[in-house]
Amino acid sequence: MAVAVYPGEAIAEKRTSPTKERRVFVTGIGVETTLGNDPDTFYNNLLEGVSGISEIEAFDCAAYPTRIAGEIKYFSTDGWVAPKLAKRMDKFMLYLLCAGKKALANGGMSEEVMSQLDKAKCGVLIGSAMGGMKVFSDSVEALMVSYRKMNPFCVPFATTNMGSAMLAMDLGWMGPNYSISIACATSNYCILNAANHIIRGEADVMLSGGSDACIIPIGNLPLQYRCGVLCSAHYFIVKRWALSSTSRNFICYVIKD
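Residue numbers (the numbering used here): 1 to 257.
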C-alpha cells in the first residue's frame, strides 16, 4: 500500500530553509571488488581498464551457458569479522562489514577517535539489490533434506537491511540505520541519502554504499536467459575465454563450440 501525505497549512508555514547547509566530506573509502580490495588498487585497475570479469569458480557451472561473472576471487574476513559469524553470514554481509570497517580505517577513525563520537549521531546506510541470496538458497536446499539442517538465521540474513544493521550493532552506532534497494542504483541512492542525513543535522558520521553477492546457481539463471537471447540473435558470441579483450561495456559472453 502506498499513501501520499501532504503537510497541513499550519505545518507548511513553519518550515524555513536553513540559513547555511552543513558540508559533507568523504573521509574514508573501503572496497571489496573484483578489481582489488583496497582503494588504490581498485582505482588504478579502473584507470588501466583491467577487466573484473572471469570464469566462475564458486560452483560448477558447466551446465550453464553463462560461465563468467564479476566474481571476487581473493577475499578474507580475517581481522574484520568474527569467525563464528563469518561461517553463518551471507557474502553480501561479509563484503559490507569488511568494506565498512576498512573505510573507517582508511579515514583515520582509530579506536580513540571512535570513543569520542556521539554514537547516536553515527549511522549506517548500506544497501543491497538482492540481499542474502546464498543463505536463502542454501536454506531451501537444506529444507529439502530436513528443517534441522537449515541455518536458523536464514530469514534475517536474507533481508537487504541486515547488513547495515549488523555493522551498526558491531560498531555500537545508533544513528540512522536502514537500507535502500534500487537495483544498480542502490549505492548511489544510499550515498545521497546518507549525505542528506548529515546536511539536515540528523547525523555527524555516516557509513554508506552498497553490497551484493548473487553469483550462485539460482542467481545465474536470469543471466543465462539473457545471454540465450543474445545467442539466438548471433550477438556477442566468443569461441574462447578472451575475457581481457572482450568483456567490456558490461556485456556477458557465452561460449559457442
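Backbone N, C-alpha and C define an ideal beta-carbon position, used for all residues, glycine too.
Residues near residue i in its chain [Cβ-Cβ closer than 6 Å; skip 5 each side]
i	result
residue 107	27, 28
residue 156	162
residue 269	This structure does not reach residue 269, given that the chain is present from 1 up to 257, and the question cannot be answered.
Beta-ladder partner(s) of residue i, from DSSP
i	result
residue 36	33
residue 68	55
Cβ-based neighbour list, residue i, same chain, cut-off 7 Å, excluding 5 preceding and 5 following
i	result
residue 134	90, 91, 213, 216
residue 144	none
residue 36	42, 45
residue 119	172, 173, 174
residue 229	A caution first: residue 229 carries a pLDDT of 42, below 50, which makes its placement in the model too unreliable to give a value.
residue 20	none
residue 32	72, 75, 95, 98, 99
Nearest-angstrom beta carbon gap, residue j and residue i [assumed within contact, 8 Å]
i	j	result
residue 195	residue 24	5 Å
residue 160	residue 187	Incorrect: roughly 13 Å between the Cβ atoms, too far for contact.
residue 126	residue 164	5 Å
residue 96	residue 86	Their Cβ separation, rounded to whole angstroms, is 12 Å, which puts residue 96 and residue 86 out of contact at 8 Å.
residue 22	residue 131	Contact flag wrong, Cβ pair sits at about 32 Å.
Neighbour flag for residue i against chain C, beta carbons, 7 Å
i	result
residue 199	The structure shown contains no chain C, having only a single protein chain.
Residue i CB to nearest heavy atom of the ligand SAM below 6 Å
i	result
residue 107	By its list of ligands, the structure shown contains no ligand whatsoever, and the ligand SAM lies outside what it can speak to.
Beta-carbon proximity of residue i to residue j, cut-off 7 Å
i	j	result
residue 124	residue 177	yes
residue 182	residue 189	yes
residue 30	residue 99	yes
residue 142	residue 149	yes
residue 203	residue 101	no
Taking only runs of the alpha helix (DSSP H) that begin and end inside the stretch 194-221, which ones reach a length of at least 4 residues, in chain order?
-> none
May I have a chain-ordered list of the beta strand (DSSP E) segments no shorter than 3 residues that lie completely inside the stretch 106-185?
-> 122-127
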